[in-house]
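Residue numbers (the UniProt record's numbering): 1 to 257. Single-structure report; data block below.
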């Protein structure tokens, strides 16, 4: 147990971590994102922020790979070509910002992520949709990529700005799920490398992250089954609700409520 959890936490705490991973997998299977947000928030209350960040790395990598490959290699390649600028910019920023884990105060990070996400989700749900052209302006694509990669490196949470961007593009649900899998999957590889280098993922935290993978995959399977049964309108609404809840929770933590 000492290798799996810090400070010799109990089996009950480990079961709590499994429950967080299961919930994160279900939500990710339904809407294509939110696993890092749920795991950072849920695991952080059990094992602390550093172990929470380490714990999400391998489950996120494995579930993103499954999500990206669900429609085959051709869809993966098309997504990489279409979003090559976004991916390149976000990748570089993720690597650079990973070094800020021990520098930037957690509450500042949470507010910086949560505020724009809550504003976006609320505006969409209240009937003031943000729509971008297809393809979007290059400056918008680069700006969102800088934001997503920047916060992803030091927090492990790069989904909200990316999914807000894809939602504003009015991407069909099946395509959006695969695009998110490809974008987040490549980001997960970068995150893995960055935090092997930063020391967050190390000999003591690696078994903990591995132990969460099977549970997250079971949750993902459940979420996929729900996703296949809802239409585009319901998918969009569910996506916005998850964004709103996740962003609100980050704001609550960052502001100390």
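For glycine and all other residues, C-beta sits at the position ideal for the given N, C-alpha and C. All values reported here derive from a predicted model rather than from experimental measurement.
- When C-beta atoms of the segment 20 to 27 are compared with those of the segment 221 to 236, three or more pairs fall below 8 Å, so the two segments count as touching.
- With contacts defined by Cβ atoms closer than 7 Å, residue 86 and residue 175 do not form a contacting pair.
- When the Cα atoms are used, residue 172 and residue 11 turn out to be separated by approximately 42 Å.
- Counting only runs that start and end inside the segment 185 to 240, the alpha helix (DSSP H) elements of at least 4 residues fall at 206 to 227.
- Of the residues 54, 66, 31, the one whose Cα lies closest to the Cα of residue 235 is 31.
- Within the model, the alpha-carbon separation for residue 241 versus residue 121 is close to 7 Å.
- One thing to note: residue 71 has its Cβ within 7 Å of the Cβ of residue 178.
- Rounded to the nearest whole angstrom, the C-alpha separation of residue 138 and residue 161 is 16 Å.
- Annotated three-state conformation of residue 49 is helix, per DSSP.
- Per the C-alpha coordinates, the member of 196, 186, 214 positioned closest to residue 145 is 186.
- At the C-beta level, residue 208 and residue 55 come within 7 Å of one another.
- The three-state secondary structure of residue 86, taken from DSSP, is helix.
- Looking at the backbone, the Cα of residue 63 and that of residue 214 are separated by about 10 Å.
- Scanning its chain for C-beta atoms nearer than 7 Å, with the 5 sequence neighbours on each side dropped, one finds around residue 52 the residues 39, 40, 43, 44, in chain order.
- Between the beta-carbon of residue 94 and that of residue 191 there is about 6 Å, and that keeps the pair under the 8 Å contact cut.
- With fewer than 16 other beta carbons inside 10 angstroms of its own, residue 107 counts as exposed.
- The Cβ-Cβ distance between residue 199 and residue 117 does not fall below 7 Å.
- A distance of 7 Å or more separates the beta carbons of residue 211 and residue 150.
- Between the C-alpha atoms of residue 37 and residue 245 there is a straight-line separation of about 10 Å.
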